[in-house]
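Below: the structure, in structure tokens.
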Amino acid sequence: MEIDMTALRMVEQEKGVSLDRLVDAIEEALLKAYHNLPGAISQARIEIDKKTGSVAVIATEEDEEGNPIGEFDDTPKNFGRIAQTTARSIIIARLRDADDQKVLGDFASQKGQVVTGVVDQSRDGRITIVKVGDDFEAVLPDSEKAPGETYRHGDRIRAFVVNVERTEKGARITLSRTHPGLVSGLFEREVPEIQQGLVKIKSIAREAGHRTKIAVAPTRDGINAKGACIGPMGARVRAVMNELGGEKIDIVDWSADPARYVANALSPARVARVVVHSIDNRTATAIVPDFQLSLAIGKEGQNARLAARLTEFHIDIHSDTENGEEADVSRTSMPDDVTSRSCVDDEE
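Heads up, the sequence shown is in this note's numbering, so the first residue is 372 and it goes up one at a time.
Given below as structure tokens:
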């Protein structure tokens, strides 16, 4: 019986899998198959001729005291079918391993970055397949899709690489369209000052598909960080918004002064003053004019909620009435899971 050595050599040439490794793996698998047969001899080995592909089971002959006295061919009659099936399984497994190693090797450094891909026809309605890199397949699960977005076959999209890992089904690249890192990566592509290190993204708070707040700061004097991110005639921020399907983006100046930072974070509302109650507990009260109250809170509390996430402060919002009295209108607390995906740098 023989194994098709031509197929093994093709795998070696096309996938870079060593012929010796393939033969060793087939011999190991065949030996296990032999030992599962009735009457198998425990002291045996598999020999595969690498030129012809012929397979033989060589067993050790022992005397009455169990001492080896020679070897003989103990190849079972139906072993050819087993050998062919085993060889086929090993080839498929090694091809899969080679592909997995290529994916893991090429994309290990891409984790945490933004990549561009083309939407492929999904085999599962719960996930979207995206071709990235050299025709690698990545998955965009439902949980990582932005609300309201739909993806058609052939659409070109950008996404954040959440994870690159080996699973029971092989290498898996997981993408996200909801991660704050997507916004960060898109701004890095659009804003040269970020690429050059002149502007730094300090914090991002995002409700994917609806609104994002991003705090930026210059790394040297004379740089307008906010203006750099907005771009000429708003071109840079508009390009990011278009990539995110029209998601609104508020760009604010980061400040080491907590009061100023909280006031900036509540943009586009104008804040009269901010009282910081505790730096350690990160609590503050913002006083806004009556006509700015609804803007400061935002629709369904969104603006206040994102400002709290951006600054990591618990923010009370009060209105400044005509007679000087303060009406307690809203309290916005930090969500418990805000730090898990906030992209917040340590304050300097």
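We put the beta carbon where it would ideally sit given N, CA and C, even for glycine.
Item, Value
"Can you name, in chain order, every residue of its own chain whose Cβ lies under 6 Å from the Cβ of residue 441, other than the five neighbours on each side?", "432"
"Return the first residue and the last residue of the beta strand (DSSP E) that residue 621 is part of.", "619-624"
"Would you tell me roughly how many angstroms separate the C-alpha atoms of residue 508 and residue 676, rounded to the nearest one?", "36 Å"
"Contact between the region 643-653 and the region 605-620 is defined here as three or more beta-carbon pairs at a separation below 8 Å; is this criterion met?", "no"
"With distances taken from CA atoms, which of 681, 546, 561, 684 is nearest residue 532?", "546"
"Return the first residue and the last residue of the alpha helix (DSSP H) that residue 551 is part of.", "551-561"
"Between 616, 478, 427, which lies nearest to residue 535 when the distance is taken from Cα to Cα?", "478"
"How long is the line joining the alpha carbons of residue 490 and residue 607, rounded to whole angstroms?", "25 Å"
"Beta-carbon separation of residue 591 and residue 557 under 8 Å?", "no"
"Just grab the DSSP bridge partners of residue 659 for me.", "690"
"Whose C-alpha, out of 681, 405, 488, 483, is nearest the C-alpha of residue 449?", "405"
"Do the region 616-625 and the region 657-666 touch if we need at least three Cβ pairs shorter than 8 Å?", "no"
"What did DSSP end up calling residue 436 once you bin it into helix, strand or coil?", "coil"
"Within the continuous beta strand (DSSP E) that includes residue 588, where are the two ends?", "582-589"
"In whole angstroms, what separates the C-alpha of residue 604 from that of residue 598?", "10 Å"
"Please state whether DSSP places residue 627 in a helix, a strand or coil.", "coil"
"Looking only at DSSP bridge pairs, what is residue 536 linked to?", "543"
"Could you give the distance in angstroms between the alpha-carbon of residue 410 and the alpha-carbon of residue 456?", "21 Å"
"How far does the beta strand (DSSP E) with residue 511 in it reach, from first residue to last?", "507-512"
"If you follow the alpha helix (DSSP H) that residue 611 is part of, which residue opens it and which one closes it?", "606-614"
"For residue 578, tell me which candidate among 513, 480, 551, 383 has the shortest Cα-Cα distance.", "551"
"Roughly how far, in whole angstroms, is the beta-carbon of residue 517 from the beta-carbon of residue 487, given that I think they are within contact range, below 8 Å?", "Not really, about 16 Å apart at Cβ, beyond 8 Å."
"Which residue or residues does DSSP assign as beta-bridge partners of residue 746?", "The displayed coordinates of the chain run from 372 to 719. Any statement about residue 746 would go beyond what the structure contains."
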